[in-house]
Every structure is written in C-alpha cells, then in structure tokens.
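Residue numbers (my numbering): 123 to 567.
For each residue, glycine too, the CB sits at the ideal point set by N, CA and C.
Computed from a predicted structure; not experimentally measured.
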Amino acid sequence: MDCRKTTRSWCILPCLLALMVFVSSARTGVSEETLDLPLPRTSTNAALHYQRAILFLVAVDPVHRDLLRKPIWEIVTPTSSPADLAKVDRLLIASRHAIRSSLIGANQLHADFGLDIRQYMLTAVLPHTQMMVDLAKLNALHGVQKEAAGDWTSAAEIYLAIIRMGRHMTHQTTLDEVLAGIEILETAYYALGRWATHCSDESLINRLLDLAKVSSGNLIEPARTLLSEASISQMRLDAMQDAYPDGPWAEMVLEVLHEEMPNVGPVDLRKHAIAAAIKHGVPKSAFDNKDALGRHLKKLRSTHIALTRESARCLTQSAPESILQGETIYQKYKSKLPDTERASKLNPARLASLFAVHKAELTLTKVILAISATKTAQGFPADLGSVAEKLGGTLPKSPYDGSALVYESLENGKGFSLTVSGTTIGKEKLPEIEFKHLPSASSPE
C-alpha cells in the first residue's frame with residue numbers, strides 16, 4: 123500500500139516540476155514584454171506639434187524674433203545688406219527646433235488646439251494665433267535659405283507646408299483663427315511666387331502649378347466660419363445669463379468689451395462693468411434684475427444668429443455681390459449690437475473684402491507659377507497669351523470686379539510685373555496687389 127502511494131507521488135512530481143518550469147518561463151516572458159515598451163509615435167494632431175514649436179520660438183531671444191514683426195517681403199529684399207542677412211541666419215539657427223516641430227505639424231491631416239469654448243468663452247484672447255503667423259514667416263525664411271543653397275525642391279516643400287499650416291488655421295472654429303490662417307496663406311503665396319521666378323526646373327514648377335489648381339478649393343470656408351461664430355456668441359451669452367447676479371458676470375462683460383479689469387472688490391467691479399456696458403450702447407435698464415438682463419440677452423442672441431446666417435449666405439456670392447449685400451445686412455443689424463470690436467469684426471462687407479483680397483493673392487500666385495513655367499533662355503513671355511495654355515486655356519480675371527490682370531514685361535523679358543488693380547466696391551476699398559520680378563530679385567510693391 124505504501125509502495126503504491128510512493129510510486130504514485132513520483133509519477134505526479136515530474137508533472138508538477140514541468141508545470142513550475144512553464145509558469146516560470148511564462149512570467150519571464152511577461153516581464154520582458156512589459157519592459158520592452160514601444161517607442162512613442164508621432165501624434166497625428168498637428169496642433170500638438172505647433173504648440174511645441176511655439177514654445178521653442180518664445181524661448182528665442184526677442185531681439186532675433188523682432189524680425190518676424192515685418193511681412194515676409196520686407197524681411198529679405200533686393201536691398202538687404204550682409205548685416206541684414208546675418209540677422210536672418212541668426213534667427214534661423216536659434217529657431218531650428220521651432221522650424222522642425224512646425225513642419226512636422228504641417229504634415230498632419232488635422233489640427234485640434236483643444237479650445238473648449240465653454241471653458242474659454244470669457245476671453246477673446248487666443249495666444250496661438252499670432253504665433254502661428256510668426257511660425258509661417260519663420261518657415262518662409264527657411265525656404266529662402268534653401269533657395270540660396272540651390273535646393274529648389276526642399277524650398278517648394280516648405281512653402282507647401284506653410285499652405286497646409288494656413289489651411290489648418292482657416293478650418294478652426296473662431297474668426298480670429300481663420301483671419302490668422304489667411305495671413306499665413308498670404309506669406310505662402312508670396313514665397314511661392316518668389317520661388318517660381320528664380321527656379322530653373324520647369325518640371326518642378328509645373329508640378330506645383332498642378333497642385334495649386336487642384337488643392338485651392340477648400341483653403342477657406344467663410345460660411346462655415348460665420349455659422350461657428352454664431353454658436354460661440356450664443357454660448358457666451360448663455361454663460362453670462364447663468365452667471366447673473368451672483369456669478370462672474372462682471373468679468374465676462376469686461377472681457378467681451380475689451381475693457382480694463384480693475385483691482386477692486388466685487389461691488390465696485392460690478393459697477394465698473396455696468397458703466398462700461400452703457401458706454402458701449404447697452405441700456406442701463408438691462409441690469410435692473412435677472413429678468414431684464416435675460417430679455418436683453420435674448421434679443422442679442424436673436425440678432426447675432428440672424429446676422430451671421432444672412433452673412434453666411436451672402437458670402438457665397440461673388441466679391442462685389444458679397445460686399446454690397448454685406449453692407450446692407452450690417453446696416454440692418456448694427457444698431458442692435460453693442461459697439462464692440464467683436465461686433466465690427468462680424469461686418470460681412472468687411473469679411474467679404476478680406477476674402478476677396480485672399481482670392482486675388484491666390485489668383486496672382488497661380489498666374490506667376492504659369493508665367494515662370496513658360497520662361498525660356500530668352501526670358502519671361504512678352505504677354506500672357508502663351509500662359510493661358512498652362513491655366514486651362516483661359517486667363518483668370520480679377521476676383522474684385524472681373525477685370526483683366528495687368529502684365530508688363532520688364533528689361534527685355536528678364537523680369538515682369540503682374541497686378542490686380544485696386545478698386546472700390548460700396549464703402550470697401552480693395553487694394554492693388556502687385557508682384558514685380560527683376561533680374562536681381564523679386565519683391566511686390
């Protein structure tokens with residue numbers, strides 16, 4: 123009996139030992155797996171890369187960054203001295219990490235800056251907008267540096283990246299971000315035009331011209347922007363109504379009106395906010411009680427929604443029609459809105475003129491690319507006849523009024539100028555836009 127028990131135990135023991143070895147090896151494998159973590163992957167959210175680029179840029183000496191206060195065509199000019207160019211070099215060296223991060227961001231499909239309007243509706247300050255404009259100029263200077271080294275392909279890739287940066291901004295939710303995006307696109311258009319007039323690789327210019335034809339349709343979306351602004355206005359007014367009378371409504375009023383925030387107690391702060399609101403056209407009776415404020419804010423909500431919806435519809439028209447309709451719409455609602463900077467920004471005629479200028483700059487850039495693609499050893503074309511073939515057989519007209527672009531051959535074909543003539547539509551003055559290329563350099567006037 124005992125012998126059988128002993129024999130049975132020895133039969134079980136090898137199985138137990140084998141199981142222990144298996145468990146031990148499994149634990150070792152799990153341990154190795156947890157220690158061997160995957161490398162971090164590049165975020166697909168462009169905004170994270172842009173924010174990092176902004177942090178790098180603000181760490182650069184302000185003396186170097188001061189160059190970015192100028193438009194790109196004033197930073198590097200035909201009259202730039204060696205000392206001026208040395209300043210650009212110092213800026214680019216100091217900002218190399220910002221350049222790298224922003225270009226990584228430009229290669230992503232979308233940008234979400236994480237702006238929760240419900241949390242940040244108290245302020246009209248969006249700190250990334252101007253910094254994104256500065257990053258665009260910085261990258262344009264980087265592209266000019268690549269041109270100087272003869273690396274035309276890399277320069278073109280940088281300028282296309284700036285266009286993507288601009289599109290990321292014009293597809294954001296607030297009007298201020300969209301306007302910053304338009305300024306970024308303006309930098310990219312100038313840089314591309316300058317690049318094309320100097321580049322000797324016709325096939326490369328043609329590739330960029332083809333890209334410009336097919337990728338410029340959704341760069342800005344005026345109607346979408348205004349409808350988004352209507353929602354933002356409604357949320358701000360809702361928050362203000364909820365905060366009255368015991369919440370931070372006074373701070374909200376002062377922020378919206380861009381008025382100074384005094385260092386005083388709650389009672390004096392509320393008095394200051396009411397006085398500021400009255401100064402901007404809000405009736406004093408609106409602050410009599412919660413019901414009175416509710417009625418006033420209800421009227422403002424209705425006005426904002428009606429204004430933005432009518433404006434969105436009018437901005438789908440041609441530039442002249444949008445501007446003229448926009449003036450009529452704004453006059454209809456202007457007296458019902460408080461006299462604030464924000465209200466003036468919602469003027470559809472003003473917005474239509476800004477979008478028209480953008481379209482004129484884009485049109486000019488496409489034609490400059492086509493002109494540069496037709497240049498020969500003898501120089502640029504004497505007229506735009508041969509250029510039309512590059513643009514589908516028809517030369518584009520001025521988005522302002524449908525007039526022809528003005529082309530002039532300079533110095534026996536060694537240079538040229540191309541102009542969208544300025545005009546006035548209603549009360550809006552649309553500027554002349556001229557690009558001039560001379561044998562030594564190019565600069566718009």
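Query, Result
"Rounded straight-line distance, which links the Cα of Thr-292 to that of Arg-286", "10 angstroms"
"Simplified DSSP state of Thr-275, which is helix, strand or coil", "helix"
"Nearest neighbour of Lys-192, chosen from Arg-222, Leu-260, His-250 and His-219 [CA to CA]", "Leu-260"
"Straight-line gap, Ala-181 to Leu-376 (C-alpha atoms, nearest Å)", "31 angstroms"
"Close Cβ partners of Gln-267 (< 7 angstroms) along its chain, the five nearest in sequence each way excluded", "Leu-214"
"Helix, strand or coil at Leu-244 according to DSSP, with G and I counted as helix", "With a pLDDT of only 49 at Leu-244, under 50, the local geometry of the prediction cannot be trusted, and the value read off the model is given with reservation. Here Leu-244 sits in coil by DSSP."
"Selected residue, minimal CA-CA separation from Asp-368, among Arg-329, His-426, Arg-392 and Ser-350", "Arg-392"
"Span of the alpha helix (DSSP H), counted from its first residue to its last, around Leu-391", "388 to 401"
"Given Gln-294 as reference, the closest of Leu-349, Asp-273, Asp-183 and Asp-360 once Cα atoms are compared", "Leu-349"
"Selection from Ala-175, Ser-202, Ala-271 and Glu-343 that minimises the alpha carbon distance to Ile-226", "Ala-175"
"Ordered list of alpha helix (DSSP H) runs contained in the segment 341 to 374, each at least 4 residues", "344 to 365"
"Separation of Trp-195 from Ala-201, as counted between CA atoms", "Note that residue 201 is Thr in the sequence shown, not Ala. Each residue's alpha carbon lies about 11 angstroms from the other."
"Residue nearest to Tyr-529 in terms of C-alpha spacing, selected from Thr-545, Pro-561, Ala-278 and Ile-493", "Ile-493"
"Collapsed DSSP secondary structure at Phe-557 in the structure displayed", "strand"
"Contact between the segment 537 to 549 and the segment 473 to 490 (3+ Cβ pairs under 8 angstroms)", "yes"
"Burial state of Lys-127, where buried means 16 or more other Cβ atoms lie within 10 Å", "Residue confidence is low: Lys-127 scores 42 on pLDDT, short of 50, so the model does not pin down where it sits. Its coordinate-derived value is still stated next. The residue is exposed, with fewer than 16 neighbouring Cβ atoms inside 10 Å."
"Alpha-carbon to alpha-carbon, Ile-342 and Val-300", "8 angstroms"
"Close beta carbons around Gly-403, own chain, < 7 angstroms, minus the five adjacent residues each side", "Pro-460 and Asp-461"
"N-terminal and C-terminal residue of the alpha helix (DSSP H) that Glu-550 is part of", "Per DSSP, Glu-550 belongs to no alpha helix (DSSP H); it is in the beta strand (DSSP E), 550 to 552."
"Nonlocal neighbours in the same chain, by C-beta distance under 8 angstroms from His-186, ignoring five residues either side", "Lys-209, Arg-212, Leu-213, Ala-216 and Ser-217"
"DSSP beta-bridge partners of Gly-501", "Thr-498"
"Three-state class that DSSP yields for Ile-547 in the structure shown", "strand"
"Integer-rounded CB distance, given that His-426 should sit under 8 angstroms from Ala-365", "Actually they do not touch by this definition, with Cβ atoms about 18 angstroms apart."
"Exposure label - Val-336; buried when at least 16 CB within 10 Å", "exposed"
"Reduced DSSP secondary structure (H/G/I, E/B, other) of Ser-337", "helix"
"Beta-carbon proximity check, Ala-345 vs Glu-373, cutoff 9 angstroms", "no"
"Between the CA atoms of Thr-546 and Phe-178 - distance to the nearest angstrom", "43 angstroms"
"Buried versus exposed, by CB contacts within 10 Å (16 or more), Val-386", "exposed"
"Same chain, Cβ closer than 6 angstroms to Glu-550, five either side skipped, listed in chain order", "Ile-445, Ala-471 and Ser-475"
"Same chain only: Cβ atoms within 6 angstroms of Leu-307, ignoring 5 sequence neighbours per side", "Gly-288"
"Where the alpha helix (DSSP H) through Gly-448 begins and ends", "441 to 456"
"Limits of the unbroken beta strand (DSSP E) element including Tyr-522", "Neither: Tyr-522 is in no beta strand (DSSP E) and is coded neither H nor E."
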